[in-house]
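Numbering (my numbering), first residue to last: 2 to 412.
To keep things clear, I will list the structure first and then write my remarks on it.
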């Protein structure tokens with residue numbers, strides 16, 4: 002139902018540095034593979050709306066700024082992953098679909114089929130491979146889907162969004178904001194210490210659990226999970242923050258409120274036994290937690306995984322203390338020394354020599370849950386709501402959804 006109209010390589014608009022970019026252990030231990038995102042645009046009356054040549058030219062200019070995205074992922078003589086900044090470019094695909102409209106892809110659960118239709122795929126995500134692929138698909142209604150796939154080993158979600166914003170600004174006829182510093186690709190500050198230290202000082206999430214999103218894991222063929230998209234209105238969010246903030250909604254972030262609620266509902270839906278311990282895993286951005294902090298507009302992977310544990314019965318009976326407060330406490334413990342321990346641990350265990358393979362969520366225990374903070378688009382912010390993509394066992398999903406909404410009280 003999607004027809005490819007054009008496929009080409011877009012190279013940077015000007016000469017870019019040619020060198021090998023060293024990747025940190027935070028890059029190396031990121032999930033192996035290209036991370037797909039879909040950006041949906043309503044049609045306008047503007048005759049230049051999503052002009053392919055304009056989008057392509059803007060991409061070339063953006064690649065001149067974020068030039069590692071125009072290179073190749075490769076390995077050095079030791080087998081360690083690195084980026085060869087060659088300027089070969091990004092894959093650019095133009096497609097059309099007479100069978101889909103904006104409504105078909107808005108507020109729906111992301112599926113493997115949607116990825117295949119609207120996001121380009123590489124022959125392999127193993128080095129050597131391309132770093133960035135994009136696809137512009139024109140829909141029957143006149144709207145457009147922009148599918149982007151960047152390799153996680155080169156950039157995390159924050160950095161990828163930084164690139165998208167620059168590309169968008171150039172496409173609108175603007176340059177990157179003059180007040181904004183250029184992207185920084187230097188990972189030297191994220192080097193392991195010599196010798197590595199504090200490796201055993203912290204309890205880290207199991208290395209066998211990959212650093213990928215629950216929805217992406219659940220889409221794997223072997224994963225015995227179903228995926229649902231649950232949305233919360235501003236009124237529902239306010240209710241959650243009031244409840245899990247101990248009566249003070251300003252004391253708790255939206256993420257902690259939603260994470261606590263989803264974690265508690267999952268424990269009840271799974272009927273965890275008394276005395277059973279449950280674990281929540283999430284990620285923390287470390288840019289400002291390092292000493293010195295990472296440069297403004299650092300481009301790379303700058304997150305670490307953390308885990309929060311609690312007895313299931315305590316989380317269910319007292320979610321504010323055992324859930325929300327515990328999440329806050331664990332996140333607050335992520336400081337420079339914690340991040341260094343993650344980097345050093347990867348060096349000691351050998352994880353720095355190769356990327357983690359993607360895997361399905363069955364590596365998690367039945368009592369555990371992973372929730373990744375997501376970057377929401379401008380439209381979601383305007384509508385003042387949050388979407389939660391939840392992967393759960395089929396036999397528990399209906400009960401989870403019932404609890405998730407029943408326990409959100411709106412006055």
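All C-beta atoms in this analysis are idealised placements derived from N, C-alpha and C, irrespective of residue type, glycine included.
No experiment lies behind these values; they were computed from the predicted model shown.
Check	Outcome
For residue 94 and residue 151, what's the separation of their Cα atoms in angstroms?	14 Å
Straight-line CA distance for residue 388 to residue 7?	33 Å
Looking at residue 231: is its Cβ nearer than 8 Å to the Cβ of residue 268?	no
With C-beta atoms as the reference, is residue 260 less than 8 Å away from residue 281?	yes
Would the beta-carbon of residue 64 fall within 8 Å of that of residue 148?	no
Would you say the segment 110-117 touches the segment 50-65, given that touching needs at least three Cβ pairs under 8 Å?	no
Take the Cβ of residue 403 as the centre, count every other Cβ of all protein chains shown within 10 Å, and call the residue buried at 16 or more, exposed below.	exposed
What three-state label does DSSP hand residue 173 in the structure shown?	coil
Looking at the structure shown, is residue 262 part of a helix, part of a strand, or coil, going by DSSP?	helix
Name the residue from 301, 240, 22 and 120 whose alpha carbon lies nearest to the alpha carbon of residue 77.	22
In three-state terms, what does DSSP make of residue 142?	coil
Confirm, please, whether the CB-CB distance from residue 69 to residue 86 is below 8 Å.	yes
For residue 326, which of 337, 53 and 252 has the nearest alpha-carbon?	252
Can you find the residues in the same chain that come closer than 6 Å, C-beta to C-beta, to residue 11, ignoring five residues on each side of it along the sequence?	57, 60, 61, 90, 91 and 93
Of all the options 289, 311, 299 and 370, which has the alpha carbon lying nearest to the alpha carbon of residue 333?	289
Just to confirm, is the Cβ distance from residue 124 to residue 5 under 8 Å?	no
Would the beta-carbon of residue 309 fall within 8 Å of that of residue 340?	no
Tell me, please, whether the segment 390-402 touches the segment 269-277 by the rule of three or more beta-carbon pairs shorter than 8 Å.	yes
Can you give the Cα-Cα distance for residue 344 and residue 128, rounded to whole angstroms?	22 Å
Near residue 88, what residues of its chain come up, given a Cβ to Cβ distance below 8 Å and the 5 sequence neighbours on each side ignored?	12, 13, 16, 17, 19, 68, 71 and 72
In angstroms, rounded to a whole number, what distance separates the CA positions of residue 358 and residue 301?	Residue placement at residue 358 cannot be trusted, given a pLDDT of 45 that sits under 50; what the coordinates show is reported in the next sentence. For residue 358 and residue 301, the distance between alpha carbons rounds to 19 Å.
Between the Cα of residue 406 and those of 84, 369, 237 and 171, spot the shortest distance and give me the residue it belongs to.	237
Kindly indicate which residue of 103, 195, 275 and 329 has the alpha-carbon position closest to the one of residue 255.	329
Less than 8 Å between C-beta atoms, sequence neighbours within five positions excluded: which residues of the same chain meet that for residue 180?	Summary for residue 180: the model assigns pLDDT 48, below 50, so the residue's position carries little reliability; its value from the coordinates is reported in the next sentence. Excluding sequence neighbours, residue 180 sits near nothing in its chain.
Measuring alpha carbon to alpha carbon, tell me which residue in 313, 307, 249 and 247 is nearest residue 276.	313
Classify residue 266 as buried or exposed, calling it buried when 16 or more other Cβ atoms lie within 10 Å of its own Cβ.	buried
Any idea what DSSP makes of residue 402, helix, strand or coil?	helix
Would you list the residues sitting across from residue 237 in a DSSP beta bridge?	None, per the DSSP bridge assignment.
Mapping DSSP to helix, strand and coil, what is residue 42?	strand
Compute the beta-carbon to beta-carbon distance between residue 349 and residue 184, rounded to the nearest angstrom, for a pair I have assumed lies under 8 Å.	About 30 Å separates the two Cβ atoms, so there is no contact after all.
Give me the Cα-Cα distance between residue 166 and residue 51, rounded to the nearest whole angstrom.	15 Å
Beta-carbon of residue 386 versus every beta-carbon of chain D: anything under 8 Å?	Absence of chain D from the displayed structure is noted, only one protein chain being present.
Tell me whether residue 198 sits in a helix, a strand or coil according to DSSP, three-state version.	coil
Taking residue 371 as the reference, which of 284, 126 and 191 has the closest Cα?	284
Any chance you could list the beta strand (DSSP E) runs of at least 3 consecutive residues sitting entirely within the segment 47-124, in chain order?	73-76, 82-86 and 91-97
At 3 residues or longer, what runs of the beta strand (DSSP E) sit wholly inside the segment 296-341?	304-312
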